[in-house]
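**Q**
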Amino acid sequence: MILEYIHLNASREIIDLEKTTSITSGWDYIQTSNKLDFIKSFIPKYLSSQKIVLFDANHKQLLDFYNNNNINNLVGIDKANESSKILFFTSGSSGFPIGAFKSNDNLLLEVQSLKKVVVTRDIKRVVVSVPFVHIYGILAGLLLPIELGNITLVVKEDFLPYELLEEAQKEDTLVITTPVFIKALAKLPESKDLSCSLFVSSTAPLSLDDVASFEDKYSSSVVQLFGSTETGGIAYKRGRGAEWNALSGVEIDSSDGKLSVTSPFISNYLLNTEVMELKQPYITEDIVEIHNNTFTLIGRSNKLIKIAGKRISATQIENILEEIPEINRAIIELVYKKELLRSEQIIITIEAVNKVDKRIIKDKISQYYGIITIPFNLKYVDKINYSAMGKKVIFK
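Next comes the structure, spelled out in structure tokens:
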């Protein structure tokens, strides 16, 4: 694999990567401010079998955890040490973010499964527009290119849509990106023939209209991946179909309407307040209809929302906002507007002493979730009460 790095001034540089490095017996954190430094740190450590902890240093809770804890001394860490290679963190769907330990088999088997999905043609270049700190970025953006072997990995800190379009015009290119980019590209005024390239998208499902608009405009194909940090990849779909196909090696079922997964990609151990073993099958929060080895995704269970690839608890956002002195109570609901670049939005209904500036709300959310754009609208009501079942209701 050759790394081609695009600098901010648009100049390109071929970067020589170290293949090995000295390692420690314990867990080592990777903290870098840019993609190039991350790759230069991650690749030799990974290839040398260093145990690696990855997390977004902009995430306040995770940064506090890092500053106050030594992962090598956590309760139960010896159990995870026997097989684990990388520790990823979720974004915190129910309080503190959950850590998911991944073994070498978890990672390599999933990469081989992904390879079967995307290698339907010769691939000579892989262009990555996603961050590497999360599991999708590592698996699809780094480990898959390593597995593909004789390719050029093209990386830039922040691609603009038209820059990604330019890269995709080069033959035999695989683009690892997100729904936001797919939708942004579909809105560009120019059309190009990108039939020589393949796009892989993750972090949230695209609407059928989004996919159709993109594929009609560029004569190219979109492969969507579906999964989570704990489960790894679960399924994929090509183009405009509604059905998700289980990845090779993954068994799916339904448990009370929720997706049940048995897979070699699922973490053996999770980190909450301590290390705990994870049993299979794993029941997700996704409501589905199963059809043999495929499923239709109905939606996520009530109070769990997914924005920009991050699973976020609506209840936790309510609790966070209620820390603002002017806000007495808050209710969060998810809305979906497929015509917008970022489909997922939230409506925040507030009972407050005084109206609160939107910037204060954005800053408060960023304290807990890092730098993440959550489109939202504000509504004010005179009173929010609790029902007999303990649920918040709007007083009329």
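In the numbering used here, each number is its position in the sequence shown, counted from 1, plus 133.
Every residue gets a Cβ at the ideal spot worked out from N, C-alpha and C, and that includes glycine.
1) Looking only at its own chain, which residues have a Cβ that is under 7 Å from the Cβ of K249, when we skip the five neighbours before and after it?
2) What residues in its chain sit with their C-beta under 6 Å from that of S335, if we drop five residues either side in the sequence?
3) If you draw a straight line from the alpha carbon of E484 to that of I494, how long is it in whole angstroms?
4) Residue range of the alpha helix (DSSP H) that I531 falls in?
5) What distance in whole Å lies between the Cβ atoms of L297 and E137, which are believed to be in contact at a cut-off of 8 Å?
6) With N201 as the anchor, note down where its alpha helix (DSSP H) starts and where it stops.
7) Can you tell me where the beta strand (DSSP E) with Q449 in it begins and where it stops?
8) How long is the line joining the alpha carbons of R145 and I139, rounded to whole angstroms?
9) Is the CB-CB distance between I231 and L403 below 8 Å?
10) Have a look at the DSSP bridge pairing and note the partners of F347.
11) Grab me the residues of I498's own chain with a C-beta within less than 7 Å of its C-beta, minus the 5 sequence neighbours each way, in chain order.
12) With A368 as the anchor, note down where its beta strand (DSSP E) starts and where it stops.
13) If you check the beta carbons only, do T311 and T223 fall under 8 Å apart?
14) Hey, would you say G272 sits closer than 8 Å to L240, going by beta carbons?
15) In whole angstroms, give me the CA-to-CA distance for L196 and A233.
16) In terms of residue numbering, what span does the beta strand (DSSP E) encompassing Q413 cover?
17) With a Cβ-Cβ cutoff of 8 Å, do V344 and V355 count as a contact?
18) Go through its chain and collect everything with a Cβ distance to Y415's Cβ below 8 Å, but skip five positions before and after it.
19) Just the Cα atoms here: how many angstroms apart are S227 and A463?
20) Quick one: grab the DSSP three-state call for S246.
21) Near K212, which residues of its chain fall below 8 Å by C-beta distance, leaving aside the five closest residues on each side in sequence?
22) Give the range of the alpha helix (DSSP H) segment to which G270 is assigned.
23) Quick one: what's got a C-beta closer than 6 Å to L220's C-beta in the same chain, skipping five residues either side?
24) Decide if N283 is buried, meaning its Cβ has at least 16 other Cβ atoms within 10 Å, or exposed.
25) Alpha carbon to alpha carbon, what distance is there between I480 and Y295?
26) At 4 residues or longer, what runs of the alpha helix (DSSP H) sit wholly inside the region 269-353?
27) Give the secondary structure of S226 by DSSP, where H, G and I count as helix, E and B as strand, and everything else as coil.
28) Helix, strand or coil for N461? Go by DSSP, reduced to three states.
29) Can you tell me whether A143 is helix, strand or coil according to DSSP?
30) According to DSSP, which residues form a beta bridge with E484?
31) With a threshold of 6 Å on Cβ separation, who are the neighbours of V486 within its own chain once the five nearest residues in sequence on each side are excluded?
32) I'd like the list of long-range same chain contacts for I148, defined as Cβ closer than 6 Å, with 5 residues on each side in sequence excluded.
33) Does K218 come out as helix, strand or coil in the three-state DSSP assignment?
34) Short of 7 Å in beta carbon distance, which residues of its chain neighbour S328, apart from the five on each side in sequence? Order them along the chain.
35) By a C-beta neighbour count over all protein chains shown, 10 Å radius and 16 as the cutoff for buried, is R258 buried or exposed?
36) Give me the Cα-Cα distance between L276 and Q245, rounded to the nearest whole angstrom.
**A** In short, the structure shows the following:
1) Closer than 7 Å at the Cβ level, and outside the excluded window around K249, lie S381.
2) So the qualifying residues of the chain are Y269 and L358.
3) 14 Å
4) Because the chain spans 134 through 529 in this model, residue 531 falls outside it and cannot be assessed.
5) In this structure E137 does not touch L297 by the C-beta definition: roughly 14 Å separates them, more than the 8 Å allowed.
6) First-last of the alpha helix (DSSP H) with N201: K193 to N201.
7) It is not in any beta strand (DSSP E) - Q449 instead sits in the alpha helix (DSSP H) that spans A447 to L454.
8) 5 Å
9) yes
10) DSSP lists no partner for F347.
11) I450, I453 and I507
12) G365 to R371
13) no
14) For the record, residue 272 in the displayed sequence is Leu; it is not Gly. Yes, these two residues count as a Cβ contact at 8 Å.
15) 17 Å
16) Neither: Q413 is in no beta strand (DSSP E) and is coded neither H nor E.
17) Contact flag set, yes.
18) E363, T364, S393, V394, T395, S396 and I399
19) Because S227 sits at a pLDDT of 47, beneath the cut-off of 50, its placement in the model cannot be relied upon, and the point is left open.
20) Three-state DSSP puts S246 in a helix.
21) Y402, V408 and E410
22) I268 to I271
23) Leaving aside the five residues that flank L220 on each side, the residues in its chain whose CB is nearer than 6 Å to its CB run, in chain order, V186, G232 and F234.
24) Exposed is the call here.
25) 31 Å
26) 277-281, 294-301, 312-319 and 341-351
27) Low confidence applies to S226: its pLDDT is 43, below 50, so where it sits in the model is not reliable enough to give any reading.
28) strand
29) coil
30) R462
31) E459
32) Sequence-distant Cβ neighbours of I148 in its own chain, meaning closer than 6 Å and more than five residues away, are L136 and Y138.
33) strand
34) S352 and S353
35) Counting C-beta atoms within 10 angstroms of its own C-beta, R258 has 16 or more neighbours from the protein chains shown and is therefore classed as buried.
36) 10 Å
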